[in-house]
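Q: After the structure tokens below, expect a handful of questions from me.
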Amino acid sequence: MLRRLALTVAAGLLLAACSGGSDGKNADPAPNPSASQATVDPKEPACSFLTAGERKELAGSAIDTVVATNGTDQSSQCRWQGSTGLIQVTTLPAQAWAKTLPQVVKQLESSGGVKTAADKKELARAKKLLSGASSFTGKQACAAFTTLAEINGAKKGATTTISQVPITESESGVSAQMCTSGEMTSLIFSVPDLRKTKAVDSAVTKALAAVQKRAVATR
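Here you go:
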């Protein structure tokens, strides 16, 4: 049960859900290049968190057209698309991210998957871990992120998670998250026939670190 919660976090679903504003401009957790896009504002803060050079280094070719942006008082998101792929970054305070976690636990609890004694034990562990999540400080939220990452197999003290996510029916992408200094940041990257390898993980992690540094600096 707790591992399923960790996987949900690792997939970046919560970040996408948090980034939607009250005006209805919600972004898909796994962006679909063919879907109708949200409003575009190149001045959205997240659009300055990854340079053209860094995007090209990550993708191997230019990905420069801003196709969707989204922001609230707390969060910011920008999506670029090129002829061969897409990159999306989302950033928000870790406290805002943490507030979504109890609801995820409730959804897992009501999904019908809690059947065995082990499931019930893991659910209890999740509830204990996330008790008070709605009032976590940034430091506490990032600590919870690290615990979830460790549960999902990351090294002790990990501040980054990386997983493969579906983009379209035939294509997949890589989703990476980082939580440090009270800031939660996600990067989703996809090019045709992308496979999650050590080289891809390293490139995505490097780009994510650049985004995170700038996101923290703007808070």
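In this text, residue positions in the sequence shown follow this note's numbering: the first is 1410, and each later residue adds one. Beta carbons: idealized from backbone N, C-alpha and C, even for Gly.
Under a Cβ-count criterion, where at least 16 other Cβ atoms within 10 Å of its own Cβ denotes burial, should glutamate 1453 be classed as buried or exposed?
A: buried
Q: Is it a yes or a no for the stretch 1602 to 1615 touching the stretch 1582 to 1589, going by three-plus beta-carbon pairs under 8 Å?
A: Judged by pairs of C-beta atoms under 8 Å, the stretch 1602 to 1615 touches the stretch 1582 to 1589, as three or more such pairs exist.
Q: Thinking just about the alpha-carbon of each residue, which of Gln1549, Lys1615, Ala1618 and Ile1560 is nearest to the one in proline 1502?
A: Gln1549
Q: What span of residues does the alpha helix (DSSP H) with glutamine 1621 cover, start to end?
A: 1607 to 1627
Q: Around the Cβ of threonine 1478, are there at least 16 other Cβ atoms within 10 angstroms (buried) or fewer (exposed)?
A: buried
Q: Below 8 Å on the Cβ atoms is my contact criterion, and I expect alanine 1507 with glutamine 1483 to pass it. Report the Cβ-Cβ distance as a whole number of Å.
A: 12 Å between Cβ atoms; not a contact.
Q: For asparagine 1441, which residues from the same chain have a beta carbon less than 8 Å from its beta carbon, with the 5 sequence-adjacent residues on both sides left out?
A: Below a pLDDT of 50, predicted positions are generally treated as unreliable, and asparagine 1441, at 43, falls in that range; no measurement from the model is reported.
Q: Would you tell me roughly how many angstroms separate the C-alpha atoms of serine 1443 and threonine 1589, rounded to the nearest one?
A: Legend: pLDDT at serine 1443 = 39, less than 50; position of this residue unreliable, value from coordinates given subsequently. Whole-angstrom Cα-Cα distance: 33 Å.
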